[in-house]
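Engineer: There's a structure below that I have some questions on.
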Amino acid sequence: MFGFLKDKFDNLKNAVSNTTRTLVDSVLSNVDESDEQYSEFALDDIEDTLISADLGVNYAAELVDNLRAKKNAKPSELKNYLKEEFKKTLSEAGSTDLNYKDSELNIYFITGVNGAGKTTLIAKMAYRFKQEGKKVLIAAGDTFRAAAEEQLNIWSERAGADIVRRDKADPASVVYEAIEKARKEAYDVILIDTAGRLQNKFNLMEELKKIKKVVDKQAPEALRESILVIDANTGQNGLQQAKVFSEAVDLTSVALTKLDGSAKGAIILAIAKEMKLPVKLIGIGEKMEDLKAFDPEDFISALFEA
Ligand SMILES: Nc1nc2c(ncn2[C@@H]2O[C@H](COP(=O)(O)OP(=O)(O)OP(=O)(O)O)[C@@H](O)[C@H]2O)c(=O)[nH]1
Ligand SMILES: [Mg+2]
3 MFGFLKDKFD
13 NLKNAVSNTT
23 RTLVDSVLSN
33 VDESDEQYSE
43 FALDDIEDTL
53 ISADLGVNYA
63 AELVDNLRAK
73 KNAKPSELKN
83 YLKEEFKKTL
93 SEAGSTDLNY
103 KDSELNIYFI
113 TGVNGAGKTT
123 LIAKMAYRFK
133 QEGKKVLIAA
143 GDTFRAAAEE
153 QLNIWSERAG
163 ADIVRRDKAD
173 PASVVYEAIE
183 KARKEAYDVI
193 LIDTAGRLQN
203 KFNLMEELKK
213 IKKVVDKQAP
223 EALRESILVI
233 DANTGQNGLQ
243 QAKVFSEAVD
253 LTSVALTKLD
263 GSAKGAIILA
273 IAKEMKLPVK
283 LIGIGEKMED
293 LKAFDPEDFI
303 SALFEA
């Protein structure tokens with residue numbers, strides 16, 4: 003386990019306070035806790051509320067069907083029921099520890115839609131790894147957007163990481179070069195940045211597959227994480243993104259960015275449930291320091307104890 007991100011994010015409560023209002027409080031407002039059992043109306047309302055809180059249609063239906071099926075389900079236990087279910091969902095999605103192996107090359111492949119926060123995440127990860135004394139190489143795999151490599155250059159300098167970039171080159175070849183350099187010069191970490199938008203979605207997915215193929219061929223044992231970056235504000239669309247990217251590049255985990263804004267973090271639950279993908283990192287601002295580990299316990303208590 004890699005410990006650098008284990009410091010807690012005290013503001014998680016504030017960050018998910020919107021979720022708290024939309025999720026737990028709204029769900030509870032559908033029932034009268036003194037009722038002996040759920041009315042069919044209340045169950046429908048609970049389902050609608052869960053869906054509008056970004057939990058996804060299937061997950062919401064499952065949660066409510068369970069209540070329906072339980073003969074003695076009591077509205078007064080609703081809060082506890084949800085808490086236990088959410089805990090189970092997060093733990094079944096897998097460990098939230100970022101994979102890292104000492105004395106080996108560690109490759110992190112970062113993907114996500116345009117503007118999700120990929121390049122910023124890479125800067126933050128580079129910064130953290132550098133702080134831990136690691137030798138870090140960034141592969142500028144977004145050669146499509148004019149300013150992208152310049153943006154990475156600035157970040158990498160600030161973080162003290164090195165960079166492989168080649169203007170307008172094929173991103174797969176940039177990654178190939180980065181792996182060669184990393185091997186020759188004994189780097190600990192390669193962070194691969196990728197484009198979020200190309201001419202169309204098909205081209206983007208083909209390009210990502212091509213980059214992934216290079217890693218799978220040149221350094222399969224070194225690929226530590228294939229991380230999808232999701233902007234916490236995207237809501238239920240995040241689930242669709244997870245499906246599309248998962249098919250193309252076989253994701254291992256999710257980084258949820260912009261949780262410092264008015265984010266609805268409940269999408270984490272939908273992704274954990276439907277995709278079995280753990281959230282491992284959270285972005286809580288635009289600066290290099292604004293990266294934290296995702297702590298499921300904290301997240302759940304923030305949802306329930308605001
Ligand atoms: N508030 C906040 N802003 C963030 C966070 N992460 C990224 N941003 C901002 O989101 C914007 C987009 O970030 P980028 O890192 O450039 O996103 P990207 O995914 O690389 O975008 P493309 O390369 O265009 O696909 C920038 O203005 C970042 O400063 C975060 O955790 N919190
Ligand atoms: Mg970028």
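Just so you know, the sequence shown maps onto residues 3 to 308 in the working numbering. Even for Gly, the Cβ is constructed at its ideal location relative to N, Cα and C.
Any heavy atom of ligand 1 closer than 7 Å to the Cβ of G267?
Structural biologist: False, no ligand heavy atom lies under 7 Å from that Cβ.
Engineer: Between the Cα of D69 and those of E87, L225, K212 and G240, spot the shortest distance and give me the residue it belongs to.
Structural biologist: The sequence as given places Leu at residue 69; Asp does not occur at that position. If we check each option's Cα against that of L69, E87 comes out closest.
Engineer: Is V231 near ligand 1, with its Cβ less than 7 Å from a heavy atom?
Structural biologist: V231 Cβ: within cutoff of ligand 1.
Engineer: Please report the distance separating the alpha-carbon of L154 from that of A63.
Structural biologist: Cα to Cα, L154 sits roughly 43 Å from A63.
Engineer: Sorted by chain position, which residues of the same chain lie with C-beta nearer than 8 Å to E291's C-beta, five sequence neighbours on each side aside?
Structural biologist: Answer for E291: K126 and Y129, listed in chain order.
Engineer: Taking all protein chains shown into account, do 16 or more other C-beta atoms lie within 10 angstroms of the C-beta of G72, making it buried, or fewer, making it exposed?
Structural biologist: Note on residue identity: the sequence assigns Lys, not Gly, to residue 72. That one is exposed.
Engineer: By how many angstroms is the C-alpha of K137 removed from the C-alpha of I165?
Structural biologist: Distance between the alpha carbons of I165 and K137: 11 Å.
Engineer: Evaluate E106 with the Cβ neighbour count: other Cβ atoms within 10 Å of its Cβ, from every protein chain shown; 16 or more gives buried, anything less gives exposed.
Structural biologist: It counts as exposed.
Engineer: Quick one: give me the first and last residue of the alpha helix (DSSP H) that F111 is part of.
Structural biologist: Taken as a continuous stretch (DSSP letters only), F111 belongs to no alpha helix (DSSP H), being part of the beta strand (DSSP E) at N108 to T113.
Engineer: From L65 to E49, what distance separates their C-alpha atoms?
Structural biologist: Straight-line Cα distance between these residues: approximately 8 Å.
Engineer: So for V138, helix, strand or coil by DSSP?
Structural biologist: Strand at V138.
Engineer: Determine whether the Cβ of F146 lies closer than 8 Å to any Cβ atom of chain B.
Structural biologist: Of the protein chains in this structure there is only one, and it is not chain B.
Engineer: At which residues does the alpha helix (DSSP H) containing R185 begin and terminate?
Structural biologist: Here the alpha helix (DSSP H) through R185 covers P173 to K186.
Engineer: Could you please give me the residues that DSSP links to G285 through a beta bridge?
Structural biologist: Partner(s): L293.
Engineer: Residue range of the beta strand (DSSP E) that T122 falls in?
Structural biologist: Segment K120 to Q133 is the alpha helix (DSSP H) holding T122; no beta strand (DSSP E) there.
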